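Each residue of the sequence shown is one higher than the one before, starting from 6 at the first, in the working numbering. Quick reminder that beta carbons are idealized off the backbone N, C-alpha and C, glycines included. Everything numeric in this text was worked out from a predicted model, so none of it was measured.
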Amino acid sequence: MNNFYLSSLLAVFVLALVAWIGSLGLPWLFGIVLPYVAVVIFVVGVVRRVMGWSRSPVPFAIATTAGQQKSLDWIQPNPIDNPSTKLGVFVRMALEVLTFRSLFRNTRMKLTQEGRFRYSLEIFLWVGALAFHYAFATVLLRHLRFFLEPVPWCIRMLETVDSFMRLEISYNVIQFGLPAVYVSGLVLLAAVVYLFLRRLCIGNVRYISLASDFFPLFLIMGIAFTGILMRYFVKADITAVKALTMDLVTLRALSFDIPEGISPLFYIHLFFVSTLLAYFPYSKLMHMGGIFLSPTRNMTTNTREVRHVNPWNHPVKVHTYEAYEDEFREKMVEAGLPVDKMPEPTPEESTGQEEKE
């Protein structure tokens, strides 16, 4: 039984407890210092990872292929899976980033009781991944309204589209639907729960899962859950939160003046976000930037058109076939081996041939 998820869950609970207790006496630490530190770690870590990838030598075209490469005119190539032009590479990369094309085409193999292999599409994983990433992106874009003044029209339009479903339910304790329900937040929480249950319930996936796989899932789960709590159940002082976030952006927060009225739940939410930012560059989540530097996706497959020579090969003294034949031509002729150039006759052989003629 894989118990890594228990340690990851415990770590997230400890983070929430630390933020809740610490915010009561040290709000400046969890509201100002730690967010700044997390942003610095995030930026430096991402730059270092990207620079490291960019310096990795890729002398050969090693793009993975799923179709026919361009070769002879009478053979139909696959311009997307096997692009020979930069336009084809752009289309393949766009489909990979926007629609997760490789994940959609992923298959799962299972051995049946009859001893046969059965292949099936991982369609639910593809749908869950799409829902998770697009919901996460929508939530991030919506939160820009806390860091911009005035709020751009595109952010307001996104909020309008995201909140098209309005449920008017109002009680003394719960006000659900007032304000509008943002679908992206609910989809994000549902998608991350599905990704966690998939790792937990599928045996072979659970076997290879580590704490580093469960921890970001629980962290994102905590971010989504605390955000939903603050919006629909435990109301947060939006004015105070907006003032704090604007101070963080404009660096006025360096005066360590925290607005009054911010609940501890917000500090837990912010601490989760800061932890995720600091953890991001050193985790598998960096596939967000790594996909653009993947040689299996960003290179043209033109190995049949262009010879790719290793640029850092050391000069090697080679022994060509011509030099080999010049060295052993007489012995090759005596042994009856074919040669490209017959040996020149000796003067005695030339005189003998002239006498015969």
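query, result
"Nearest-angstrom Cα distance between residue 326 and residue 91?", "39 Å"
"By the 10 Å Cβ neighbour count, where 16 or more other Cβ atoms means buried, how is residue 279 classified, buried or exposed?", "buried"
"I need the boundaries of the alpha helix (DSSP H) containing residue 251, first residue and last residue.", "243-255"
"Please classify residue 322: does DSSP put it in a helix, a strand, or coil?", "coil"
"How would you label residue 125, buried or exposed, when you count the other beta carbons within 10 angstroms and need 16 or more for buried?", "exposed"
"Compute the distance between the beta-carbons of residue 196 and residue 285, then report whether it is under 9 Å.", "no"
"Pop quiz: residue 320 and residue 281 are said to be a contact at Cβ under 8 Å. What is the actual Cβ separation, rounded to whole angstroms?", "Not quite, the Cβ-Cβ distance comes to about 50 Å (not below 8 Å), so this is no contact."
"Could you check what DSSP says for residue 110 in three-state terms: helix, strand or coil?", "coil"
"Could you tell me which of 107, 215, 81, 333 sits nearest to residue 13, measuring between CA atoms?", "215"
"Can you check which of these residues, 225, 39, 88, is closest to residue 261 by C-alpha distance?", "39"
"With a CB to CB cut of under 7 Å and the five nearest residues on each side skipped, what residues in its chain are close to residue 233?", "190, 194"
"Take residue 254 and list the residues in its own chain whose beta-carbon comes closer than 7 Å to its own, dropping the five residues that flank it on each side.", "152"
"Taking the alpha carbon of residue 132 as the reference point, which residue from 160, 122, 103, 149 has its own alpha carbon closest?", "103"
"Less than 9 Å between the C-beta atoms of residue 74 and residue 308, yes or no?", "yes"
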